[in-house]
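**Q**
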Ligand SMILES: NC(=O)c1ccc[n+]([C@@H]2O[C@H](COP(=O)([O-])OP(=O)(O)OC[C@H]3O[C@@H](n4cnc5c(N)ncnc54)[C@H](OP(=O)(O)O)[C@@H]3O)[C@@H](O)[C@H]2O)c1
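Residue numbers (my numbering): 4 to 413.
(1) Would the C-beta of residue 250 count as close to ligand 1, meaning under 6 Å from any of its heavy atoms?
(2) What do you get for residue 71, buried or exposed, if any count of 16 or more other CB atoms within 10 angstroms of its CB means buried?
(3) If you drop the 5 nearest sequence neighbours on each side, which residues of the same chain put their C-beta closer than 6 Å to that of residue 291?
(4) With hydrogens ignored, establish whether the beta-carbon of residue 339 is closer than 6 Å to any heavy atom of ligand 1.
(5) Is residue 198 near ligand 1 - that is, is its Cβ less than 6 Å away from at least one heavy atom of it?
(6) Please give me, in chain order, every unbroken run of the alpha helix (DSSP H) with length at least 4 that falls completely inside the stretch 138-176.
(7) Is the closest heavy atom of ligand 1 to the C-beta of residue 212 under 6 Å?
(8) Can you list the alpha helix (DSSP H) stretches of 4 or more residues lying completely in the stretch 180-263, in chain order?
(9) For residue 324, count the other beta carbons within 10 Å of its own beta carbon; 16 or more makes it buried, fewer makes it exposed. Which is it?
(10) Can the beta-carbon of residue 109 be found closer than 7 Å to that of residue 59?
(11) Does the beta-carbon distance from residue 241 to residue 222 come in below 7 Å?
(12) So the candidates are 322, 100, 280 and 279; which of them puts its Cα closest to the Cα of residue 299?
(13) Apart from the five residues on each side of it in sequence, which residues of its chain come closer than 7 Å, Cβ to Cβ, to residue 75?
(14) Which parts of the stretch 263-340 are runs of the alpha helix (DSSP H), unbroken and 4 residues or longer, counting only runs that do not cross its ends?
(15) Could you check whether the stretch 153-166 touches the stretch 19-33, counting it as contact only if at least three pairs of C-beta atoms, one from each stretch, sit closer than 8 Å?
(16) What does the alpha-carbon distance come out to for the pair residue 55 and residue 119?
(17) Please name the residue or residues paired with residue 97 in a DSSP beta bridge.
(18) In chain order, what residues of the same chain have a beta carbon less than 8 Å from the beta carbon of residue 19, not counting five sequence neighbours either side?
(19) Run the proximity test for residue 25: is its beta-carbon closer than 6 Å to any non-hydrogen atom belonging to ligand 1?
(20) Applying the criterion that 16 or more other CB atoms from any shown protein chain within 10 Å of the CB defines a buried residue, is residue 308 buried or exposed?
(21) Quick one: residues in its chain with C-beta nearer than 7 Å to the C-beta of residue 57, no 5 flanking neighbours on either side, listed in chain order?
(22) Tell me which same chain residues have a C-beta within less than 7 Å of the C-beta of residue 229, skipping the five on either side of it?
(23) Taking residue 237 as the reference, give the member of 207, 366, 328 and 394 with the closest Cα.
(24) Can you pull the DSSP bridge partners for residue 22?
(25) Need the endpoints of the alpha helix (DSSP H) that residue 414 sits in, please.
(26) Which word fits residue 98, buried or exposed, when buried means at least 16 other C-beta atoms lie within 10 angstroms of its C-beta?
(27) Report the three-state DSSP secondary structure of residue 375 (helix, strand or coil).
(28) Could you check whether residue 296 and residue 320 sit closer than 7 Å to each other, using their CB atoms as the reference points?
(29) May I ask which residues mark the beginning and end of the beta strand (DSSP E) holding residue 119?
(30) Look at residue 181 and residue 344 and say whether their C-beta atoms are less than 7 Å apart.
(31) Bridge partners of residue 42, per DSSP?
(32) Out of 212, 201 and 368, which one is the CA nearest neighbour of residue 226?
(33) From the DSSP output, in three-state form, read off residue 363 for me.
(34) Please classify residue 247: is it buried, with 16 or more other beta-carbons within 10 angstroms of its beta-carbon, or exposed?
(35) How far does the alpha helix (DSSP H) with residue 351 in it extend, from its first residue to its last?
(36) Applying the criterion that 16 or more other CB atoms from any shown protein chain within 10 Å of the CB defines a buried residue, is residue 6 buried or exposed?
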């Protein structure tokens, strides 16, 4: 007979390194595809993952919410279960937690290590066709008591952060770091225009530009967001609502296009005013896509770069290529991060130079609600959910065990 406990309820922890047979998890199944309130269903008898030689089992303390979980639950645009072949899926691509078991080939991590994760499963995005996003294209994500990751996905948890803060930043921050530092190669003195400067990627892009010795001009859509960007080190902010017709829309009449371009030039003059000279920006941080991309290409300085990782408003991009070639600009694609860039990015968080901007946390019971609110666009910034941590504010394993023994939470 096995001496493994059958199950340990959420709110308690098994002894360090002891792996129960089953765990509680929010499980997506094809018959429940739909909005998060339907697709995220708690099950308490999910087998805990077996691990391979290069893998690690992590006791999840908190898990970060991102849109991937919503797509997985909707079963759209792809049915991720067909990709990984299991008949259920546990979402969640961001987490903080404690190493609970290690495979025999994992040498640099041990049981008890406190960690955060990056979600790049295998190698450098782009280099390997096998590269997948863990917790989206794999079934073993973080909205569960235990998650299974490759050893290369682990990073040290910044000691000064709570579990929920530590779970909140990986996906967005590592993407922004990769875009600016590795792909666009931001340099001291660079002026950088950041669309969505107070959004998920933008809060980190704004901080990074300041840390790297550049000047961030962060575009926002409210005074509240402008204040946040300034608090994060923006050199200046621009409220895009002050400019009418700034969004490019395909199919505009010649008159409408003329009016749009006049407003783009006004936007450019605003940048001249901010910089105190008639120059563009060395880098534009792009992810909005169709509505901003032609403006981004136009506003980049001679030899400037537009670095792009997404297209929220549409991926069918239209721009005047003369602005690109005549002034020898570059368009640079970027996609998430690799283990090395995530490690370098995480060191800046460990050193307190970059901070997570967590706007809200949710409890374990509220995990479907957190996703539903994101689905309904009622959440801004990054949010995370408690899993093994019984209450917010706990920063390490010992503190967490003490809190549980003192009856904290649930
Ligand atoms: N390839 C990758 O590895 C990767 C990784 C992460 C994210 N992404 C993609 O990057 C995009 C942004 O992600 P996120 O987490 O930063 O999203 P987010 O938190 O929703 O922030 C996006 C920001 O864009 C701004 N925005 C929205 N519509 C706009 C418009 N029409 N014109 C100008 N600005 C607009 C908004 O800021 P204001 O309203 O304040 O201007 C918003 O805060 C998404 O499409 C996501 O899928 C890609």
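Glycine included, every Cβ here is placed at the ideal spot set by N, Cα and C.
**A** With the given structure in hand:
(1) Checking the Cβ of residue 250 against ligand 1 gives yes.
(2) Residue 71 counts as buried, since no fewer than 16 other beta carbons sit within 10 angstroms of its beta carbon.
(3) 198, 315 and 316.
(4) Correct: residue 339 has its Cβ closer than 6 Å to ligand 1.
(5) True, at least one ligand heavy atom lies under 6 Å from that Cβ.
(6) For the stretch 138-176, whole alpha helix (DSSP H) runs of length 4 or above, ordered along the chain, are 166-169.
(7) No - ligand 1 has no heavy atom lying nearer than 6 Å to the Cβ of residue 212.
(8) Whole alpha helix (DSSP H) segments, 4+ residues: 205-214 and 226-234.
(9) The residue in question, residue 324, is exposed, as its Cβ has fewer than 16 Cβ neighbours within 10 Å.
(10) Yes, the pair counts as a contact, with Cβ atoms nearer than the cut-off.
(11) Result yes, Cβ atoms of residue 241 and residue 222 sit closer than 7 Å.
(12) Out of 322, 100, 280 and 279, 322 has the C-alpha closest to the C-alpha of residue 299.
(13) These residues qualify, in order along the chain: 31, 83, 92, 94 and 139.
(14) Listed in chain order, the complete alpha helix (DSSP H) runs (minimum 4 residues) inside the stretch 263-340 are 296-302 and 325-329.
(15) Contact fails: fewer than three Cβ-Cβ distances are below 8 Å.
(16) The straight-line gap from Cα to Cα measures roughly 20 Å.
(17) The beta-bridge partner set that DSSP reports for residue 97 consists of 67.
(18) Annotation for residue 19: 101, 103, 114, 115 and 400 place their beta carbon closer than 8 Å to its own, counting only its chain and skipping 5 residues before and after.
(19) Result no, Cβ not under 6 Å from ligand 1.
(20) The residue in question, residue 308, is buried, as its Cβ has 16 or more Cβ neighbours within 10 Å.
(21) Cβ neighbours of residue 57 beyond the five flanking positions: 106, 108, 109, 153 and 154.
(22) Short of 7 Å from the beta carbon of residue 229, and not among the five residues preceding or following it, lie these beta carbons of its own chain, in chain order: 223, 240 and 242.
(23) Comparing Cα positions, the closest option is 207.
(24) Residue 22 is not bridged to any residue.
(25) Since the first residue shown for the chain is 4 and the last is 413, residue 414 is missing from the structure and cannot be characterised.
(26) With 16 or more other CB atoms across the displayed protein chains lying within 10 angstroms of its CB, residue 98 is buried.
(27) Taken through DSSP and simplified to helix, strand or coil, residue 375 comes out as helix.
(28) Result yes, Cβ atoms of residue 320 and residue 296 sit closer than 7 Å.
(29) First-last of the beta strand (DSSP E) with residue 119: 117-120.
(30) Against a cut-off of 7 Å, the Cβ pair of residue 344 and residue 181 comes out as a contact.
(31) DSSP lists no partner for residue 42.
(32) Here the closest residue by C-alpha is 201.
(33) DSSP places residue 363 in strand when its eight states are reduced to three.
(34) Label assigned to residue 247: exposed.
(35) Here the alpha helix (DSSP H) through residue 351 covers 342-353.
(36) With a 10 Å radius around the Cβ and a threshold of 16 neighbouring Cβ atoms, residue 6 comes out exposed.
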